[in-house]
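Okay, so here's the structure we're looking at.
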Amino acid sequence: MTYSEDMATLDSADIGFSEAEPRDYFALLKPRVMSLVVFTALAGMIVAPGGIHPFLAFVAILCIAIGAGASGALNMWYDADIDRVMSRTSGRPIPTGRIKPQEALSFGLVLAAFSVLTLGLLVNWFAGFLLAFTIFFYAVIYTMWLKRSTPQNIVIGGAAGAFPPMIGWACVTGTVSIDSIVLFLMIFLWTPPHFWALALYKVGDYEKAGVPMMPNVAGMKSTKGQILFYAVLTACVGVLPYALGFASPVYGVFSAIMGLLFVQRAWRVFRMPDTDAVMAPAKSLFGFSLLYLASLFAVLLVEGLAVRFGL
Numbered sequence: 001m002t003y004s005e006d007m008a009t010l011d012s013a014d015i016g017f018s019e020a021e022p023r024d025y026f027a028l029l030k031p032r033v034m035s036l037v038v039f040t041a042l043a044g045m046i047v048a049p050g051g052i053h054p055f056l057a058f059v060a061i062l063c064i065a066i067g068a069g070a071s072g073a074l075n076m077w078y079d080a081d082i083d084r085v086m087s088r089t090s091g092r093p094i095p096t097g098r099i100k101p102q103e104a105l106s107f108g109l110v111l112a113a114f115s116v117l118t119l120g121l122l123v124n125w126f127a128g129f130l131l132a133f134t135i136f137f138y139a140v141i142y143t144m145w146l147k148r149s150t151p152q153n154i155v156i157g158g159a160a161g162a163f164p165p166m167i168g169w170a171c172v173t174g175t176v177s178i179d180s181i182v183l184f185l186m187i188f189l190w191t192p193p194h195f196w197a198l199a200l201y202k203v204g205d206y207e208k209a210g211v212p213m214m215p216n217v218a219g220m221k222s223t224k225g226q227i228l229f230y231a232v233l234t235a236c237v238g239v240l241p242y243a244l245g246f247a248s249p250v251y252g253v254f255s256a257i258m259g260l261l262f263v264q265r266a267w268r269v270f271r272m273p274d275t276d277a278v279m280a281p282a283k284s285l286f287g288f289s290l291l292y293l294a295s296l297f298a299v300l301l302v303e304g305l306a307v308r309f310g311l
């Protein structure tokens with residue numbers, strides 16, 4: 001069945017659409033993803049040199065959050081056909097008939113336009129451009145093109161999730177720098193081992209949906225090797241904020257320890273059998289990867305706040 005045929009099915013009366021509630025529209029925003037976007041964008045804003053008025057900082061974070069939500073809504077609109085066949089996503093608002101696809105599309109487009117224009121008008125247009133490009137990259141480059149066409153979807157598409165700290169930096173400085181690129185790379189390189197660990201124990205879901213995730217296309221062995229490779233790169237880049245001088249020795253030691261633990265879990269995944277029968281190491285890596293990224297950006301955020309308040 002083609003994408004257009006699937007969407008026609010979703011629009012048909014057979015699904016039995018019910019009246020949407022506010023929580024259904026909130027679910028379209030992918031709030032868990034949004035929270036990570038807001039957190040890393042705030043860290044980029046606080047670490048950036050220079051200052052920004054508190055009101056403008058609030059506006060910037062709000063716009064970035066709304067822009068992330070717009071990306072989520074557009075993603076759910078386009079991916080509704082595969083969401084309904086995957087156990088992980090079948091309960092989303094469109095597959096369950098709580099929101100019609102066209103409503104999700106309109107919702108996402110309005111939020112996208114509002115967030116970009118507001119950020120550009122009230123903060124600066126360079127930050128607004130980066131936010132617009134991020135939404136476009138996630139909704140069009142990743143969702144509409146890469147996700148269904150190549151097992152490298154997560155590698156290239158991971159850029160969309162890596163832009164927020166760079167946007168936060170641009171809100172303060174009006175530009176980007178080597179330091180903000182390092183923040184970008186911390187998330188960009190972290191994305192493949194994070195999502196491929198999930199794909200290892202959700203391989204059946206992706207196979208049913210016809211999404212060419214790495215384990216489905218290249219197999220378990222190749223995927224595990226690439227997870228280890230990217231985990232090592234992630235751990236190395238994670239210490240660069242200290243090496244480049246915009247984080248303290250405390251961050252340097254902490255990031256090195258967390259990086260070693262990250263690689264250790266990736267090594268356990270690499271050594272596990274090439275079968276879907278033993279998935280504990282993959283689940284452990286997936287869970288720890290969230291802690292790894294959040295904790296590094298938390299330390300950067302705390303240190304940035306301490307510098308700004310002279311503590």
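Residue numbers (the UniProt record's numbering): 1 to 311.
For every residue, glycine included, the Cβ atom is placed at its ideal position computed from N, Cα and C.
Each residue's CA atom was taken as its position, placing G97 and Y206 some 22 Å apart.
Secondary structure at E19: coil, using DSSP grouped into helix, strand and coil. For K30, there is no enclosing alpha helix (DSSP H), since its DSSP letter is neither H nor E. Nearest C-alpha to A73 among Y25, A48, V37, P49: Y25.
Look at A48 here: in three-state DSSP terms it is coil, with no helix or strand label. Burial is judged here by how many other beta carbons sit within 10 angstroms of a residue's own beta carbon; A282 has at least 16 and is buried. Excluding its 5 nearest sequence neighbours in each direction, T150 has C-beta neighbours in its own chain below 7 Å: P212, listed in chain order.
Between the beta-carbon of L228 and that of F286 there is about 15 Å, and that puts the pair past the 8 Å contact cut. Around the beta carbon of L311, fewer than 16 other beta carbons lie within 10 angstroms, which makes this residue exposed.
Judged by their CB atoms, S295 and M258 are nearer to each other than the 8 Å cut-off. Annotation: K147 to T40 spans about 24 Å, alpha carbon to alpha carbon. Taking a contact as a CB-CB distance under 8 Å, the pair S115 and I66 counts as one, their CB atoms being some 4 Å apart. F254 has its alpha-carbon roughly 13 Å from the corresponding atom of L291. Straight across, the Cα-Cα distance linking P215 with W196 is about 8 Å.
Note on geometry: alpha-carbon atoms of A243 and V182 lie some 11 Å from one another. Shown here, P193 sits in a helix according to DSSP, grouped into three states.
Within the model, the alpha-carbon separation for G120 versus Y142 is close to 24 Å.
W77 is the residue among W77, L42, G44 whose C-alpha sits nearest the C-alpha of K30. If you look at L233, you'll find it in the alpha helix (DSSP H) that goes 220-238. Considering only V203, F55, L189, the residue with the shortest C-alpha distance to F262 is L189. Counting the other CB atoms within 10 Å of its CB gives Q226 a total of 16 or more, which places it among the buried residues. Between the alpha carbons of G174 and L185 lies a distance of about 19 Å. The Cβ atoms of G158 and A43 lie no closer than 8 Å to each other.
The three-state secondary structure of I99, taken from DSSP, is coil.
Note that the C-beta distance between V33 and I61 is not below 8 Å.
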